[in-house]
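Data first, discussion second: the structure below is written as structure tokens.
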């Protein structure tokens, strides 16, 4: 009996760890969604395709036979920088002109952006699936009776590092303060001399960078193709809604919780494997919106989707 | 004294509704001006026109410079501090962060610190609540925070929109006392929108009465106080 229990326990622990790793991917993308939602009140439906685009740039830098054949981490850093700049640019060029428009208009613009980016990726890189190198080895390591891969631990570490950087940025830098002020009250901030327009662009830059992070973590576990992040985006929405759309902490906790929950369901509930996983994500969104619309950590009810 | 702020034939509208019909007024450096008038007279819109928060026509000049087409943040950076109606407190941010935002456009760290100390001396209550979300402050404390934050901007002109709104008379007197002191000691120019005409006329050297978007009376407060229609409409005797 005890042997059986111990075996069961180590399997649960294993599923939890790998759930946390997948959850880290959701959390990164969800964090991007939350940062844009907080500052503009808009859900960015292009978040997934933007991440895919970033990941394709990484693929081109590292793997493409016709590319420059860079080492992984050099490409990683450069892709984050490019993504940041790209996010800022997108906000300036696409979102700025419709800033004053109704929320639905802006949402439509982000949807259009998603479709356009998806087509652009296919046009530049083609629609076939490609393999993407992982930064971390998939070699298993054993801690006590729990086995997980170095990659799992690496994903969790990368996500936590990103969260720490964001925390330090928002708490201790002037731009971070300006961004939070702009999100809390645009007009009041402008009267204090905060350049709110640029703060929104900065938010887009950060969100795009987080997307790139989640894309580069997704690609080694799946395959890289133009539609790679569409499923992940749904989980990220679920994570953001679960945590509360206006809460960055909520996005992280929501992402991790969702990763673990779906993993456990997939392992222990027969019909939950494979394609049912997506349904699980949808059910979480539905359930949260019905039972606790503001999410775990959110303060305002979700009204504008 | 040279003119600090001048509005020339300023009109503004919210959608189809015209809120200002060619308002002209001016304020000298180091002077104080009260904008009086009933609800909907265009007092708030006048301030918003100065800060370019509302679509307008006409000219606004600040210290000899045309500012009609500058962005609100650009105008703030020129040295106009505008405390809007409802005080513009960022409720989710802490008291300290709100104050730091006052000094957002400044780079002189040492004097920011001494200015902060100055604000705490003016309003000791704020020092006790530095780490608290600003939204948890009482109305009076929020007004003090808004005023302290405005002072950290080191403005040349302070514009206040209804600082007395929702405050107990004692607090109103305190706030206007601070204004009078800042004007007297540091020569800060003040433009204040106020429902409480008695307090405003006592504090400000000049006043200006708006009615349905037009200036109907303007002059030194002493003269306006004697004016029959001002007495009846705004002072109630």
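Chains as they are written, first to last, in the numbering used here: chain A, 15 to 319; chain B, 15 to 251. Note that beta-carbon positions come from the ideal geometry of N, C-alpha and C, so glycine has one too. Just so we're clear, the structure is a prediction, and the values are computed from it rather than from any experiment.
- Nearest Cα to residue 198(A) within the set 72(B), 115(B), 45(B), 69(B): 115(B).
- Taking C-beta atoms as the reference points, residue 35(B) and residue 233(B) fail to come closer than 8 Å.
- A straight line joining the alpha-carbon of residue 157(B) with that of residue 101(B) spans about 6 Å.
- According to the DSSP secondary-structure assignment, residue 218(B) is paired through a beta bridge with no residue.
- Between residue 192(A) and residue 213(A), the gap from beta carbon to beta carbon is short of 8 Å.
- Secondary structure of residue 117(B) (DSSP, three-state): coil.
- Short of 7 Å from the beta carbon of residue 249(A), and not among the five residues preceding or following it, lie these beta carbons of its own chain, in chain order: 40, 272, 295.
- With a cutoff of 8 Å on beta-carbon distance, residue 239(A) and residue 48(A) are scored as not near each other.
- Taking 7 Å as the Cβ-Cβ cut-off, the region 81-101 of chain B approaches chain A at 86, 87, 90, 91, 96, 98, given in chain order.
- By a beta-carbon distance limit of 8 Å, residue 96(B) contacts residue 65(B). Their separation comes to about 5 Å.
- Under the Cβ distance rule, residue 119(B) counts among the residues neighbouring chain A, one pair being separated by less than 8 Å.
- Neighbourhood of residue 205(A) in chain B, by CB distance below 7 Å: 65, 86, 90, 96, 98, 102, in chain order.
- Only residues of its own chain outside the window of five on either side were considered, and among them 117, 165, 166, 168 have a CB closer than 8 Å to the CB of residue 129(B), listed in chain order.
- If you look at residue 186(B), you'll find it in the alpha helix (DSSP H) that goes 183-200.
- For residue 203(A), the enclosing alpha helix (DSSP H) stretches over residues 200-205.
- Bridge pairing for residue 48(B): 206(B), 221(B) [DSSP].
- According to the DSSP assignment, residue 86(B) belongs to the alpha helix (DSSP H) that extends over 86-92.
- Residue 191(A) reaches chain B at 111, 114, 115, counting residues in chain order whose Cβ is nearer than 7 Å.
- Take residue 291(A), set aside five residues on each side of it, and the residues of its chain with a beta-carbon closer than 7 Å to its own are 276, 280, in chain order.
- For the 8 Å CB-CB criterion, residue 149(A) and residue 168(A) form a contact.
- For residue 242(A), no pairing in a beta bridge is given by DSSP.
- For the pair residue 300(A) and residue 256(A), the Cα-to-Cα distance works out to about 10 Å.
- At least 8 Å separates the beta-carbon of residue 219(B) from that of residue 50(B).
- For residue 199(B), no CB of chain A lies under 8 Å from its own CB, so it is not counted at the interface with that chain.
- Residue 136(A) has a beta carbon lying at 8 Å or more from every beta carbon in chain B.
- Just so you know, the alpha carbons of residue 237(B) and residue 74(B) end up roughly 26 Å apart.
- With a cutoff of 8 Å on beta-carbon distance, residue 103(B) and residue 160(B) are scored as near each other.
- Cβ-Cβ distances below 7 Å link residue 123(A) to 108, 109, 112 in the same chain, with the five nearest sequence neighbours on each side left out; the list follows chain order.
- The beta-carbon separation of residue 48(B) and residue 214(B), rounded to 4 Å, stays under the 8 Å limit for a contact.
- Rounded to the nearest whole angstrom, the CA to CA distance from residue 221(B) to residue 70(B) is 23 Å.
- Against residue 144(A), chain B offers no close residue; the least beta-carbon distance is about 44 Å (beta-carbon pairs closer than 7 Å).
- By the Cβ rule, the region 76-83 of chain A does not count as touching the region 218-236 of chain A, because fewer than three pairs are nearer than 8 Å.
- Judged by DSSP secondary structure, residue 136(B) falls within the alpha helix (DSSP H) whose first and last residues are 123-136.
- Within chain A, the residues placing a beta-carbon under 7 Å from that of residue 106(B) are 198, ordered along the chain.
- Two segments are said to touch when three or more pairs of C-beta atoms, one from each, lie closer than 8 Å; by this definition the region 25-37 of chain A touches the region 161-176 of chain A.
- Identification of residues in the region 163-194 of chain B having a C-beta nearer than 8 Å to some C-beta of chain A yields 163, 167, given in sequence order.
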